[in-house]
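Working notes for the structure below.
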Amino acid sequence: MQASMAIPKTMPKISGRWRSHARGLPQAGHSCASSGTTWLHRGHRTHTIIAAQPPIPIPPYLAPYPFAGRNRPGSFRSVTCANHSEPCKEVPTMARTNIAKARLRAGKPSIGTWIRLDGTLSAEMMAHIGFDWLVLDAEHSAFDIHSLQFMLQAISTTNTVPMVRVPWNDPIELKRTLDAGAYGVVIPMVKSREDAEKAVRAVRYPPMGDRSFGSVRGPLYAGDDYPVIANDEILLVLQLEHIEAVRNVHEILAVPGFDAIFIGPNDLGASMMTENGKRPPADVVESACAEILKACQEAGIPCGYHCGSADDVNRRIALGYQFNALAMDTSFLVNTAKAEWAKLVDIAKA
0 MQASMAIPKT
10 MPKISGRWRS
20 HARGLPQAGH
30 SCASSGTTWL
40 HRGHRTHTII
50 AAQPPIPIPP
60 YLAPYPFAGR
70 NRPGSFRSVT
80 CANHSEPCKE
90 VPTMARTNIA
100 KARLRAGKPS
110 IGTWIRLDGT
120 LSAEMMAHIG
130 FDWLVLDAEH
140 SAFDIHSLQF
150 MLQAISTTNT
160 VPMVRVPWND
170 PIELKRTLDA
180 GAYGVVIPMV
190 KSREDAEKAV
200 RAVRYPPMGD
210 RSFGSVRGPL
220 YAGDDYPVIA
230 NDEILLVLQL
240 EHIEAVRNVH
250 EILAVPGFDA
260 IFIGPNDLGA
270 SMMTENGKRP
280 PADVVESACA
290 EILKACQEAG
300 IPCGYHCGSA
310 DDVNRRIALG
320 YQFNALAMDT
330 SFLVNTAKAE
340 WAKLVDIAKA
């Protein structure tokens, strides 16, 4: 029979979120509970300690919301436990950074891909490849809000940024998509300044926009400071894919609050069809893309392109495109299968 463990008469009081870490908390007098610095002891044998950081200021417009600032970096309280003699390691806490947006801000290229296959496993597998971001294409797929949320959760197990191209520039679609946990959105068919302003209002919290508060997955993914950091971290990409957008590009780029432009060459070419349904030559479409890119570079706004191959990505980066998509999951699947089948087709048909 195993010896019973001694149960202390009193246990340290600790918030519910950190109750699982109550084992091995530093006592008063321990360096981990020193005055002037607050700590949270995780109770591991290596004595990993999370050091509180300077609080992120809560904007005045968030003051009525009690969740803002709860368990924020810098808000942890000192707790006590049994004495420990081993040295403690300090680990500063921080909010979840949008790595794609960080790369764009630094002037670096950011590469991702498009997801059209409905399924959490395929999304998770693609997220483990190493792309900066994955865009779940809700515009040209059978995704509904439930499948989107499940796939966003699957991608969130990695460092890859979970994004969604919404079906349309619709505030309701955007609200539900962001509340489901998207850390970036692509808005299709933006043609005018009004379209751009509409997207910004729907995606950004006040005072920049009018997105309502109520996300559950946002704080789970990015931390309890999600309402404070969302405007800075969520990547808002406007997709220009119509000749009207080319004509209005400077007015669109003058709108504050979005982060990047993404060119849709297929729809752009379609919008330039002649009356008999003939698409314009490739060089005409490319000239329109170059006009958008030049305007973006003059405005200091990253511009992206949907590329069909790695060689195309490298070529676009050399031209100055930063936010580039490499093909999509369906093309990876089909092209690989075709290439391998071509090696066997003669044997299979013999």
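Residue numbers for the sequence shown follow numbering that gives the first Met the number 0, so the first one is 0 and each next one is one higher.
We put the CB at the ideal spot given by N, CA and C, even for glycine.
Residues of its chain near Ile128, where Cβ-Cβ distance is below 7 Å and the 5 sequence neighbours each way are ignored: Stepping through the sequence shown from its first residue, residue 128 is reached at position 129. Excluding positions up to five away in sequence, the list is empty.
Determine which residues share a DSSP beta bridge with Ser109 and list them. One-based indexing of the sequence shown puts residue 109 at position 110. The partner list for Ser109 (beta bridge, DSSP) reads Phe322.
For Asn313, count the other beta carbons within 10 Å of its own beta carbon; 16 or more makes it buried, fewer makes it exposed. Which is it? The residue you call residue 313 lines up with position 314 of the sequence shown. Around the Cβ of Asn313, a 10 Å sphere holds fewer than 16 other Cβ atoms; the residue is exposed.
How about Glu243 and Arg192: do their beta carbons lie closer than 7 Å? Residue mapping note: residue 243 aligns to position 244 of the sequence shown, counting from 1. Residue mapping note: residue 192 aligns to position 193 of the sequence shown, counting from 1. Their beta carbons are not under 7 Å apart, which means Glu243 does not touch Arg192 by this criterion.
Given this structure, state the Cα-to-Cα distance separating Asp169 from Pro279, to the nearest angstrom. If you number the sequence shown from 1, residue 169 lands on position 170. If you number the sequence shown from 1, residue 279 lands on position 280. Going from the Cα of Asp169 to the Cα of Pro279 covers about 30 Å.
With C-beta atoms as the reference, is Val165 less than 7 Å away from Val184? Taking the sequence shown and counting its residues from 1, one reaches residue 165 at position 166. Taking the sequence shown and counting its residues from 1, one reaches residue 184 at position 185. Yes, they are a contact pair.
Where do the ends of the beta strand (DSSP E) carrying His305 lie? Walking along the sequence shown from the start, residue 305 turns up at place 306. Element bounds for His305: 302-306.
Drop a sphere of 10 angstroms on the beta-carbon of Pro65, count the other beta-carbons inside from all chains shown, and report buried for 16 or more, exposed for fewer. The residue you call residue 65 lines up with position 66 of the sequence shown. With a pLDDT of only 43 at Pro65, under 50, the local geometry of the prediction cannot be trusted, and the value read off the model is given with reservation. Burial call: exposed.
Which ranges does the alpha helix (DSSP H) cover as unbroken runs of at least 4 residues, wholly within the stretch 114-181, from first to last along the chain? Secondary structure within the stretch 114-181: the alpha helix (DSSP H) runs of 4 or more consecutive residues, fully enclosed, are 119-126, 144-154, 170-178 (chain order).
State the beta-bridge partners of Ile260 as determined by DSSP. What you label residue 260 is simply residue 261 of the sequence shown in a count that begins at 1. Looking at the DSSP output, Ile260 bridges to Leu237, Cys302.
Short Cβ contact (7 Å threshold) for Leu267 with Glu297: In the sequence shown, counting from the first residue as 1, residue 267 sits at position 268. In the sequence shown, counting from the first residue as 1, residue 297 sits at position 298. No.
When you compare the CB positions of Cys306 and Leu325, do they come within less than 7 Å of one another, or not? Locating residue 306 in the sequence shown gives position 307, counting from the first residue. Locating residue 325 in the sequence shown gives position 326, counting from the first residue. In contact: Cys306 and Leu325 (Cβ atoms closer than 7 Å).
Out of Ser286, Thr273, Val227, Met125, point me to the one whose CA is closest to Ser330's CA. Against the sequence shown, residue 330 aligns to sequence position 331. Taking only the C-alpha atoms, the option nearest Ser330 is Met125.
Rounded to whole angstroms, what is the Cα-Cα separation between Gly256 and Ser140? Here residue 256 refers to the residue found at position 257 when the sequence shown is read from its first residue. Here residue 140 refers to the residue found at position 141 when the sequence shown is read from its first residue. Rounded to the nearest angstrom, the two C-alpha atoms are 28 Å apart.
Residue range of the alpha helix (DSSP H) that includes Val227: Along the sequence shown, one-based indexing puts residue 227 at 228. Run containing Val227: 225-232, per the alpha helix (DSSP H) assignment.
Can you have a look at Glu138 and say buried or exposed, based on whether 16 or more other CB atoms are within 10 angstroms of its CB? To locate residue 138, count along the sequence shown from 1; it is residue 139. Result: buried.
Got a sec? Which residues, its chain only, sit under 6 Å from Tyr220 by beta carbon, not counting five neighbours each side? Translated into positions along the sequence shown, residue 220 becomes position 221. Excluding positions up to five away in sequence, the list reads Ser155, Gly180.
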